[in-house]
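Residue numbers (the numbering used here): 59 to 361.
For reference, the structure is listed below as structure tokens.
Spelled out as structure tokens, the structure:
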């Protein structure tokens with residue numbers, strides 16, 4: 059919470075009859091400045107400002123045309139609290155004022171989602187996309203609806219349509235990557251994570267996820283490369299990459315000529331033990347040491 063919002067909230071609690079400007083300042087601070095989620099406070103102040111006869115006339119006089127933004131703020135935050143009736147009230151007022159413009163259509167779609175009328179919401183977003191083929195928000199809302207319906211295939215189809223227009227949206231690629239993993243479509247997931255690496259080659263998490271997929275597919279040498287790169291980018295507090303690298307080295311066929319694999323395996327074991335010793339988790343460090351010794355003896359017998 060911002061210090062300014064905290065100050066305003068304290069004023070609200072201390073005043074038995076808060077002023078109109080205080081309610082306005084609180085909503086502006088939350089919705090326009092601080093970018094924090096406080097639907098409880100927005101709804102409390104918004105209902106007073108826009109529907110209480112002691113405040114609404116003065117509020118409209120002070121706000122002028124920006125009062126319509128406040129109806130939208132109240133609508134969105136009412137949906138967060140599942141106060142559907144209040145959200146519908148705001149929507150009707152905005153529809154009466156602006157008709158069926160793009161902004162109002164989006165809000166109507168959100169209200170339909172709030173009432174779980176998903177087919178109606180999808181129809182609204184489809185209409186928006188038909189008239190505005192590059193509307194980002196409508197594509198993303200459709201994806202959210204399909205995920206809520208557990209229809210991952212349609213969510214993937216919608217994301218692919220979206221990415222044909224917005225090819226550099228890393229958030230969309232990450233979402234698509236996760237959806238492909240849910241459906242065990244690992245090669246398609248690999249394409250997504252490789253795109254993310256191209257966009258941000260210094261992100262160690264992307265290299266780690268790419269390594270995980272290669273490991274799952276049995277491409278152990280490639281997985282080894284990506285786990286190593288993840289560790290190069292983040293040497294400390296990256297145990298997932300350490301364990302991944304260790305398991306990858308272990309999974310590669312025994313080959314006495316593969317000096318690199320043996321060196322990496324040995325180095326990884328040392329770093330895993332060291333990572334637990336460093337945080338005084340000696341019991342786990344000893345346990346890992348025993349596991350590595352057992353693995354080593356098993357490998358030697360197989361050779």
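Ideal placement from N, C-alpha and C gives every residue a C-beta, glycine not left out.
Please read all numbers here as calculations on a predicted model, not as lab measurements.
Here residue 79 carries a helix assignment [DSSP, helix/strand/coil]. Note on geometry: alpha-carbon atoms of residue 168 and residue 222 lie some 25 Å from one another. DSSP places residue 95 in the coil class of the three-state scheme, outside both helix and strand.
Excluding the 5 residues flanking it on each side, residue 234 has same chain C-beta neighbours closer than 6 Å at 217, 250, in chain order. Residue 175 carries a coil assignment under DSSP once its states are collapsed to helix, strand and coil.
Put simply, of 201, 143, 189, 190 the residue whose alpha carbon is nearest the alpha carbon of residue 179 is 201. The residue among 317, 219, 102, 160 with its C-alpha nearest the C-alpha of residue 71 is 102. Secondary structure at residue 322: helix, using DSSP grouped into helix, strand and coil.
No Cβ-Cβ contact shorter than 9 Å links residue 84 with residue 108.
Here residue 265 carries a helix assignment [DSSP, helix/strand/coil]. Of all C-beta pairs linking the region 116-124 to the region 141-158, fewer than three are shorter than 8 Å, placing the two stretches out of contact.
Check the Cα spacing between residue 300 and each of 100, 128, 329: the tightest is with 329. For residue 60, no alpha helix (DSSP H) encloses it, and the DSSP letter there is neither H nor E. Note on geometry: alpha-carbon atoms of residue 163 and residue 334 lie some 55 Å from one another. Annotated as proximal: residue 152 and residue 165, with beta-carbon spacing under 9 Å. Residue 78 and residue 138 have their C-alpha atoms roughly 24 Å apart. DSSP places residue 122 within a helical segment (H, G or I) once states are collapsed to three. Take the alpha-carbon of residue 308 and the one of residue 323: they are about 7 Å apart. In this structure, the straight-line span from the alpha carbon of residue 349 to that of residue 332 is close to 15 Å.
With contacts defined by Cβ atoms closer than 9 Å, residue 61 and residue 91 do not form a contacting pair. Unbroken alpha helix (DSSP H) stretches of 4 residues or longer found wholly inside the region 278-306: 278-291, given in chain order. Here residue 254 is not near residue 210, since their CB atoms are 9 Å or more apart. For residue 226, the secondary structure class from DSSP, reduced to helix, strand or coil, is coil. The alpha helix (DSSP H) runs of length 4 or more contained entirely in the region 206-259 are, from start to end of the chain, 210-223, 228-240, 244-257. Taking the CA atoms as reference points, residue 275 sits about 7 Å from residue 244. Classified as buried, residue 135 has 16 or more neighbouring CB atoms from the shown chains inside 10 Å of its CB.
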